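J.: In the working numbering, each number is its position in the sequence shown, counted from 1, plus 61.
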Amino acid sequence: MCDDAAVVPKLGMGPIRREQICRAAATVIAREGFAGTTMRVVAEEAGVSTGMLNHYFANRQDLLMHALTFVSERAHGRMVLALDGVPPGRERIVALLDAVLADGDDQDSGETWRVWINAYGEAMRLPQLRHAIESRLNSWYALIDSALEGVVPAEPDDGIPWSWRLDAILNGLAIRALTSETALDPVQIRDEVIRTLPRDVAAVA
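Following this line, the structure appears as structure tokens:
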């Protein structure tokens, strides 16, 4: 659900309406891109007035930050559930990657990737958004660290963390699949990410 602290409490809007608007914002950004997202279009998608939206979102940047929080928390819940009870090793890594990639027909997963791609693009010029992204990434990196527990070598103090490496490769391939005509499905992306890990982990179980 959206971050309550980021919502201006002027109308006493309840959690159900707040989630409704955040969900609508994510849907519009995923469909239209951030450049094509207006308060009016989001209001229409959510089934509320633009006046109500303007009470809770200062501007389009604020709208994007709320949408990013919403899709990130939704995805985080799905990934935590996927890892529950899975033993350390290749099986846990596969479970995490399958959860974050999901199936190509999974609407929630597709929205999450598209909102994040838009957020990364806007963050190049919006420092406040960069801060929000960093905050969301910390919980994602913690999940990666949990998935890699005991299966990657210790990292030197001045090295790039394994979580950053896995995230970079995963993002690169997923963005390639979403923004080009390259034929990459979730299983191909997952297996290629695993191949970048130490040989005993990358080996097929």
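Idealized CB from N, CA, C, for every residue including glycine. Since this is a predicted model, take the numbers as computed values, not measurements.
Inspect the CB distances between the segment 250-260 and the segment 231-242 and report whether three or more fall short of 8 Å.
T.: The segment 250-260 is in contact with the segment 231-242.
J.: Using the rule of at least 16 other Cβ atoms within 10 Å of the residue's Cβ for burial, across every protein chain shown, is Ser196 buried or exposed?
T.: Position 135 of the sequence shown, counted from the start, is the residue given in the question as residue 196. Answer is exposed; the Cβ neighbour count stays below 16.
J.: Determine the direct distance from the alpha carbon of Val132 to that of Leu142, and round the result to whole angstroms.
T.: On the sequence shown, residue 142 is found 81 positions in, with the first residue counted as 1. On the sequence shown, residue 132 is found 71 positions in, with the first residue counted as 1. Roughly 16 Å between the two C-alpha positions.
J.: Leaving aside the five residues before and after Thr53 along the sequence, list all residues of the same chain whose C-beta is less than 8 Å from its C-beta, in chain order.
T.: This structure leaves residue 53 out entirely; the chain is present only between 62 and 266.
J.: If we ignore side chains and look at the alpha-carbon of each, how far apart do Arg78 and Thr173 end up?
T.: Sequence index remark: in the sequence shown, residue 78 carries index 17 (1-based). Sequence index remark: in the sequence shown, residue 173 carries index 112 (1-based). Cα to Cα, Arg78 sits roughly 20 Å from Thr173.
J.: Classify Glu216 as buried or exposed, calling it buried when 16 or more other Cβ atoms lie within 10 Å of its own Cβ.
T.: By one-based count along the sequence shown, residue 216 stands at place 155. With fewer than 16 Cβ atoms within 10 Å of its Cβ, Glu216 is classed as exposed.
J.: Decide if Glu210 is buried, meaning its Cβ has at least 16 other Cβ atoms within 10 Å, or exposed.
T.: Residue 210 sits at position 149 when you count from the first residue of the sequence shown. Exposed, because fewer than 16 other Cβ atoms sit within 10 Å of the Cβ of Glu210.
J.: Considering Phe131, what are the terminal residues of the alpha helix (DSSP H) in which it resides?
T.: Walking along the sequence shown from the start, residue 131 turns up at place 70. Taken as a continuous stretch (DSSP letters only), the alpha helix (DSSP H) holding Phe131 covers Arg121 to Leu144.
J.: Would you mind stating whether Leu144 and Ser207 have Cβ atoms separated by less than 8 Å?
T.: Numbered from 1 along the sequence shown, position 83 holds the residue referred to as residue 144. Numbered from 1 along the sequence shown, position 146 holds the residue referred to as residue 207. For Leu144 and Ser207, yes; Cβs fall inside 8 Å.
J.: If we count Cβ pairs, one from each stretch, closer than 8 Å, do we get three or more for the segment 102-112 versus the segment 183-197?
T.: no
J.: Should Ala273 and Val176 be called a contact, given that it needs their Cβ atoms to be closer than 8 Å?
T.: Within the shown structure, residues of the chain are numbered from 62 to 266, placing residue 273 beyond reach of any answer.
J.: Which word fits Asn115, buried or exposed, when buried means at least 16 other C-beta atoms lie within 10 angstroms of its C-beta?
T.: Numbered from 1 along the sequence shown, position 54 holds the residue referred to as residue 115. Exposed is the call here.
J.: For Leu239 and Asp219, what's the separation of their Cα atoms in angstroms?
T.: Here the question's residue 239 lines up with position 178 in the sequence shown. Here the question's residue 219 lines up with position 158 in the sequence shown. Straight-line Cα distance between these residues: approximately 33 Å.
J.: Please classify Arg186: does DSSP put it in a helix, a strand, or coil?
T.: Position 125 of the sequence shown, counting from 1, holds the residue named residue 186. In the structure shown, Arg186 sits in coil (DSSP, three-state: anything other than H, G, I, E or B).
J.: Rank Leu245, Gly94 and Leu204 by C-alpha distance to the C-alpha of Ala128 and give the top, closest one.
T.: Here residue 128 is taken as the residue at index 67 of the sequence shown, counted from 1. Measuring from the Cα of Ala128, the nearest candidate turns out to be Gly94.
J.: Residue range of the alpha helix (DSSP H) that Ala235 falls in?
T.: Counting from one through the sequence shown, the residue named residue 235 turns up at place 174. Membership of Ala235 in the alpha helix (DSSP H) is indicated by the continuous run Trp223 to Thr240.
J.: When DSSP labels each residue in this structure, what does Ser196 get in the three-state scheme?
T.: In the sequence shown, residue 196 corresponds to position 135, counting from 1. It is helical.
J.: Count the other CB atoms, across all protein chains shown, that sit within 10 Å of the CB of Ser241; report buried if there are 16 or more and exposed otherwise.
T.: Stepping through the sequence shown from its first residue, residue 241 is reached at position 180. Classification for Ser241: exposed.
J.: Alpha helix (DSSP H) containing Val155: first to last residue?
T.: In the sequence shown, residue 155 corresponds to position 94, counting from 1. According to the DSSP assignment, Val155 belongs to the alpha helix (DSSP H) that extends over Arg151 to Leu162.
J.: Are the beta-carbon atoms belonging to Pro222 and Pro259 less than 8 Å from one another?
T.: Walking along the sequence shown from the start, residue 222 turns up at place 161. Walking along the sequence shown from the start, residue 259 turns up at place 198. It is not a contact, given that the beta carbons lie outside the stated cut-off.
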